Every structure is written in C-alpha cells, then in structure tokens.
Amino acid sequence: MRSNKFPALVVFLSLAIVPHGLSATNQSTTSLKLLGTSKIGSRASSAGTENGFEFRVGPDVDKNFNKQISGSIAPARVPADHVPKPAGNAVTTANSGFFGFDGITHFDQRFAGTGIYTNTQFSLEPPDQGLAVGNGFVLEVVNNALAVYDTSGNRLSGPTAMSQFFGLAPEIVRPSGPFGPFVSDPKAYFDSDTQRWFLTEAVLDVDPTTGNFTGTTGVLIAVSQTPDPTKPFNLFRLDTTDNTGTPDHPGCPCLGDQPLIGADANGFYISTNEFPLFQAGFNGAQIYAMSKTTLAAGSPPPVIHFRSLNFAPGLPFFSVQPATTPPGGSFETANGGTEYFLSSLDFSSTLTNQIAVWAMTNTSSLNDAKPNPTLKTVVIDSEVYGQPPDGQQRPGPTPLATVFIPQIFGGKTPPTEKLELIAGNDDRMNQVVFADGKLWSGVNSVVKTPNGPTRIGIAFFIVTPSVSGGTLAASVGKQGYVAVNQNNVLFPSIGVNAAGKGVMSFTLVGPSFFPSAAYAAVDAVTGAGDVHIASSGAGPDDGFTGYHFFGGFRTARWGDYSAAVAGPDGTIWLATEYIPNKPRSVLANWGSFISSVTP
468 MRSNKFPALV VFLSLAIVPH GLSATNQSTT SLKLLGTSKI GSRASSAGTE
518 NGFEFRVGPD VDKNFNKQIS GSIAPARVPA DHVPKPAGNA VTTANSGFFG
568 FDGITHFDQR FAGTGIYTNT QFSLEPPDQG LAVGNGFVLE VVNNALAVYD
618 TSGNRLSGPT AMSQFFGLAP EIVRPSGPFG PFVSDPKAYF DSDTQRWFLT
668 EAVLDVDPTT GNFTGTTGVL IAVSQTPDPT KPFNLFRLDT TDNTGTPDHP
718 GCPCLGDQPL IGADANGFYI STNEFPLFQA GFNGAQIYAM SKTTLAAGSP
768 PPVIHFRSLN FAPGLPFFSV QPATTPPGGS FETANGGTEY FLSSLDFSST
818 LTNQIAVWAM TNTSSLNDAK PNPTLKTVVI DSEVYGQPPD GQQRPGPTPL
868 ATVFIPQIFG GKTPPTEKLE LIAGNDDRMN QVVFADGKLW SGVNSVVKTP
918 NGPTRIGIAF FIVTPSVSGG TLAASVGKQG YVAVNQNNVL FPSIGVNAAG
968 KGVMSFTLVG PSFFPSAAYA AVDAVTGAGD VHIASSGAGP DDGFTGYHFF
1018 GGFRTARWGD YSAAVAGPDG TIWLATEYIP NKPRSVLANW GSFISSVTP
C-alpha cells in the first residue's frame, strides 16, 4: 500500500532501445565512499510478537515512465498475432543429482535483527533473491535480510537485517518511528578469482521523523575481507543522486533502481535504471565500472560512470545486465579485457524480436589511476518475445484475505478480496553468464500454450559475442522457450558451469500448481529440457501486495528475480521463490528454496 507515512517497496519498471558505439561525453569518473566494516550476525534468539503491520511501498516510478514512445519507431516490431506458441515442456518430480533446502522466508525477514534492530523490519514483497556459492558456503540475500549456510543446508549466520548489516538506522522503531533508510533490490556474487564475496543493495535516505525521502540515494556495496562470508566485510557507498554533476542529470535528484552486478578478470560492474525521485521521467540505464582487485583489497577505487545510455533522445536503454563468469571459466582477455552485457529491447511493451549485446573493452585499465574503458553495443535479431500477462494460481486457503484482514479492519465489513494473480512484471533481461565463450540469459515473455489462453513463459538466449578491430559482433547460437501447458513459468535465472552445462531456475504456478520452485536443464545444442519441480508449493500466494485493503489491485508482487550460480565443482545452485509449508507472518507467506543440481 502506498502511504505518506510508510514509503514502501519499490517496483521499478523501465524500457528503451539502441545500436552503435557510445560517445565519450557520456563517460565520467566518480568515486566510492568507504563506510566501515560489518559482519553477518547471529539469528535473533526468538521471533517475538508481531505487534505491527507496517509495510513499505516506495516511489511508484512505473507511472513516471511511459513505455509507449510516440513517433515512427513506436509501434511494436512484431504483429500481435505473432505471440510465441511453444509446444510446452513436460513436468516431472524426478530430480536426479538434486539436493535442496528451505532458505529465508518472509517470517525470517520480518523478524531478522538483533539488539536495537529487534522487531524493526517492515513487511516486504517480493523477496528479490540473490545467491552466491563458494568455499563450502552458500550465501542468500532477500529484501531485506541475508543468511549464510553450509552446502548441507545448515544455517551458519543470520538471518541478519540488511539495515543492521550495512550499519543503517533500523527501518522503523515501532510503533511510529523514527525511520531508517529505504533499502531494496539486493544482489550477491562470489568471485573465485579474488576469493571475495560481494553484496549490493539500493538505498534511499529518508527523514527519520516522517519517513519521507530526502532526495539522496546510492548503491551500498559490501566486499568480504577474507574467503569466508561469516567474517567481516568492508562497506562502500556509490552515490546515484546525480544532481551535483556537470551537467546535472535531467529531473534529479534521482534513484538508481534495481542495481545489477557482474564481473570479469579486472572489474566489478553495476548497472542501474535511473529515475527522477520527485517528478516523472526516466534517464535510461547507467553503468558503473570499477577495479575488482582494489575493492577486494579494501580500498575505494575510481569509478567510471557511463550515463544515460540512449539510442536517441527520448529512447533510453534499460536493465543492461552485466555478465559473470563461473569458477574455472575463462574471462575474455582480448582487447585489454572485455566485459559483456545483454539487454532486451521491447520498448513498446508489446512484442519484439531483437536484443542488445554490449562490450566494455580495455577493462584492464580499471586497475590504473585513470581508467579508460570503452563501451560498445550492437542490436541482433532474436526469437519473438514480449510483455507477459499476470499469472493465475491454483485456489487454496488465503487466511490474510479471509481471517486477518477482518481482524485488522476492526470489526467493520472489509472489502471483498479475490484470489491474487501473480505479477509477470515485464520482459527485461535477467542475469547473464559468460561461459564457454557464450552469453546465457532469459526473460519473462507472453506465450500462447496449447488449449489455453496466453500465459507467462520464458524466452532464453545463448549468444556468441566477439570484438575484433574495435567492432562488436554477436549472433544467437541457440534460443527457445520454456512453457507449461495452461500454466506459468516466470523469473528465470540461468546458472552455467565452465563446461557450458546450464540449469535454469524459475517459479512454476498456475491453475494446476501452487507457486513452486522449479528448474530445467539448458544446453547450447539441445536447448531446454523438462521442467523439474524442486519443491512443490504448499498453498497460494497470500501476501498483502495484491489485496485492495492494502492498496493492491489483485495482482501480488512476485520475483522480481531468482538466482542461479555455478559452484566450484560444476554443480548449479538455485534460489527460487515459492510458498512453503512453514510458519508465516500475518502479512505474507512467501518463502525461498535453495537447491543444487548436477547438470
């Protein structure tokens, strides 16, 4: 529910398009601020009593950005009757080479925090999962808590509130404040090259008395001091306010929505979508490049900022996903070191058949006092994909709608609530992996399954890039769809090992399924295999974001992304949102499932 008193969880959607190289005028140098050190703490001794039902709904930037751009290039590239019609994947519960366990739940998130952080967490949807694996550890992060496990599923640290971990003020001191900064969109990465753990999260500062945004924003970065994520981290902050530059960015102060992360042999990369905080507008994707080894050593490196990445004025790129490379994989060392990115190009929220491939070259210069990388992009043809619908879910018990809301409503007649739909969000590119010389990723997409209406499916792409003579070239080597007849699959993440064997993580939900954790093998030759259920959902999603009483419109927030990474032995680790059979809070029942699969 949007509220002046409790600024709530942000759902930032965006879009755009572009081909060509980028002007040096779009490049500048900025810096990080060293904040101090921190450590993932122990779990609270008890969950306590749920004596507050506050939640956050953040700035509604979706309304600030009109994706239907006017002009001759505005119409969809593909006619509406060309919606993909895949045959569909078989569903099985057989899971050879599989192991899994429950991760962080909303109940854990709500009650994370110790000391002054006890009972200070807002209720949040969706979880936005990050996952990192290495050295016998599994680190999971969600909105807004993190925990560390061993590879047998035993919890070693956490859940710790993200505000506590980053040394911020508590989100809310109940019952009425003061308030702490708004944090959202966590990501995690283990770099096998430097043996360091990386965490990021967007932050928006607030007035502690009112909870209103002050206008200063940033991305928080944590880098472990050792190969052990239960030991201390160094903390940094990257400013994304962008109203003190030369020139200022249009409409700023701004926020850097949904920070996306990647790394190559030389650099650590963050990409954001930039929105003015107090007025309508969208300034396009922003990319920040910095030395990975300097961060790993505990020092703040210079940061190269590629700003406002536009095809033309008014046509901005969005969600430019940097790549990571799995343990044992080969980085792209040509052209002074190269980092690749992918982004989708459905700027009209309809259908398209193109994607953008990016290359940042001379990344070895990020280790210099004056870095000088260059950024290029090329648009290539792809299979058709497009704006997904919302997804139906299997009916079942919904105590928030039928029991808790009447209690909260104070005995009066509450609004009639219907079974929630699951948000399909949009068709932005999800996490990217560079493995076996290829880029692997996927998007949510509308699909038409046999014998049913349009549903949410997944379009995936396996792309071969190259840079020669300063020219970026790329082609799709393999592509395809994952779909389940009359049901939905959504929020894919593909983990790929050094041998080029992949597994895709996603949620399976529909008239036949409660929200369940699922996966499918992905291969550069044969494409995607059967859909395997990793853990079946125990009931329908019953969270506050889809109910009218809390300001929703029947569609519940889900995702906004899953996670999949390769372990050092080549197994693929997955983190997926689903509905577990575990203790819930009053306002939400989401959970996460962590699993490993031998591809």
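At position 540 of the sequence shown (counting the first as 1) the number is 1007 in the working numbering, and the numbers step up by one without a gap.
Glycine included, every Cβ here is placed at the ideal spot set by N, Cα and C.
Since the structure is predicted, the reported quantities are computational estimates derived from the model, not experimental observations.
So, with DSSP's three-state summary, where would you put V970? Residue state, collapsed to three classes: strand.
Does DSSP classify D706 as helix, strand or coil? D706 sits in a strand when the DSSP states are folded into three classes.
Rounded distance between the beta-carbons of T711 and D857, thought under 8 Å: Contact doesn't hold; Cβ gap of about 40 Å is too wide.
Is it buried or exposed, K698, if we count other Cβ atoms within 10 angstroms and call 16 or more buried? Taking all protein chains in view, the Cβ of K698 is surrounded by fewer than 16 other Cβ atoms within 10 Å, so the residue is classified as exposed.
Burial state of P840, where buried means 16 or more other Cβ atoms lie within 10 Å: If you draw a 10 Å sphere on the C-beta of P840, you find 16 or more other C-beta atoms in it, and that means buried.
Integer Cβ distance of G803 from S832, believed to fall under 8 Å: The distance from the Cβ of G803 to that of S832 is about 7 Å, consistent with a contact at the 8 Å cut-off.
Rounding to the nearest angstrom, what Cα-Cα distance links T800 and V943 in this structure? CA-CA distance, T800 to V943, rounds to 22 Å.
N740 versus T683: straight-line alpha-carbon distance, rounded: Cα to Cα, the separation comes out at about 16 Å.
Do you know whose CA, among S590, P1050, A763, A547, lies nearest A1005's CA? That would be P1050, whose Cα lies nearest to the Cα of A1005.
Of the residues Q859, S643, G967, F735, the one placed nearest P794, counting alpha carbons only: The shortest CA-to-CA distance from P794 to any of Q859, S643, G967, F735 is the one to G967.
According to DSSP, residues forming a beta bridge with A995: For A995, which the question treats as bridged, DSSP gives the partners V989.
Kindly confirm or deny that the region 888-899 and the region 937-953 touch, where touching means at least three C-beta pairs closer than 8 Å. Not touching, per the Cβ criterion.
Beta strand (DSSP E) runs contained entirely in the region 789-855, provided each spans 3 or more residues: Taking only runs of at least 3 residues, the beta strand (DSSP E) segments lying wholly in the region 789-855 are 805-811, 818-828, 841-853.
Any C-beta of chain C under 8 Å from that of S832: Absence of chain C from the displayed structure is noted, only one protein chain being present.
Identity of the residues DSSP links to M757 by a beta bridge: Partner(s): F735, V770.
Return the bridge partner residues of L499 from the DSSP annotation. Bridge partners of L499: L705.
Quick one: what's W664 bridged to in DSSP? BP columns for W664 point to F657.
Pick from P866, E638, H1015 that is closest to T585, judged by C-alpha positions: Distance from the Cα of T585 is smallest, within the candidate group P866, E638, H1015, for E638.
Is N493 helix, strand or coil when you go by DSSP? For N493, the three-state secondary structure derived from DSSP is helix.
Classify P866 as helix, strand or coil using the three-state DSSP reduction. Reduced to three states, the DSSP call for P866 is helix.
For A984 and S1002, which I take to be in contact (beta-carbon distance under 8 Å), what is that distance rounded to the nearest angstrom? The beta carbons of A984 and S1002 sit about 5 Å from each other, so the pair counts as a contact at 8 Å.
So what does DSSP say about Q898, is it helix, strand or coil? DSSP, reduced to helix, strand and coil, places Q898 outside both helices and strands of the structure shown, so it counts as coil.
In angstroms with no decimal places, state the Cα-to-Cα distance between P864 and P1007. If you take the alpha carbons of P864 and P1007, they lie about 7 Å apart.
Please classify S495: is it buried, with 16 or more other beta-carbons within 10 angstroms of its beta-carbon, or exposed? A residue is called buried once 16 or more other Cβ atoms fall within 10 Å of its Cβ, and S495, having fewer, is exposed.
In terms of residues, what are the limits of the alpha helix (DSSP H) holding R622? Here R622 belongs to no alpha helix (DSSP H); instead the beta strand (DSSP E) covers 622-628.
Taking its Cβ as the centre, do 16 or more other Cβ atoms sit within 10 Å of A981, making it buried, or is it exposed? Per the sequence presented here, residue 981 reads as Phe, with Ala not at that position. Buried is the label assigned to F981, since at least 16 other Cβ atoms lie within 10 Å of its Cβ.
With 16 other Cβ atoms within 10 Å as the buried cut-off, status of Q746: By the 10 Å Cβ count, Q746 comes out exposed.
Going by the DSSP bridge assignment, what does R922 pair with across the sheet? For R922, the pairing in a beta bridge is given by DSSP as V914.
Is the number of C-beta pairs between the region 546-554 and the region 611-628 that are closer than 8 Å three or more? Flag = no, the region 546-554 and the region 611-628 do not touch.
Compute the distance between the beta-carbons of V590 and A890, then report whether it is under 8 Å. In the sequence as presented, Val is not what sits at residue 590; that position holds Ser. If you check the CB distance, S590 and A890 do not come in under 8 Å.
Check whether the Cβ atoms of W907 and I847 lie closer than 8 Å to each other. By the CB criterion at 8 Å, W907 and I847 fall outside the cutoff.
Report yes or no: do the region 748-755 and the region 921-938 share at least 3 C-beta pairs separated by less than 8 Å? Output reads no: the region 921-938 does not touch the region 748-755.
So, at 7 Å on beta carbons, what are the nonlocal neighbours of G503 in its own chain, with the 5 sequence-adjacent residues on each side left out? Beyond the five residues adjoining it in sequence on each side, G503 comes within less than 7 Å, by CB distance, of G634, L702 in the same chain, given in chain order.
Segments of 3+ residues assigned as beta strand (DSSP E) that fall wholly inside the region 576-643: Counting only unbroken stretches of 3 or more residues, the beta strand (DSSP E) elements lying wholly within the region 576-643 are 597-601, 604-609, 612-617, 622-628, in sequence order.
Would you kindly report the start and end of the unbroken alpha helix (DSSP H) that includes P873? DSSP places P873 in the uninterrupted alpha helix (DSSP H) bounded by 872-875.
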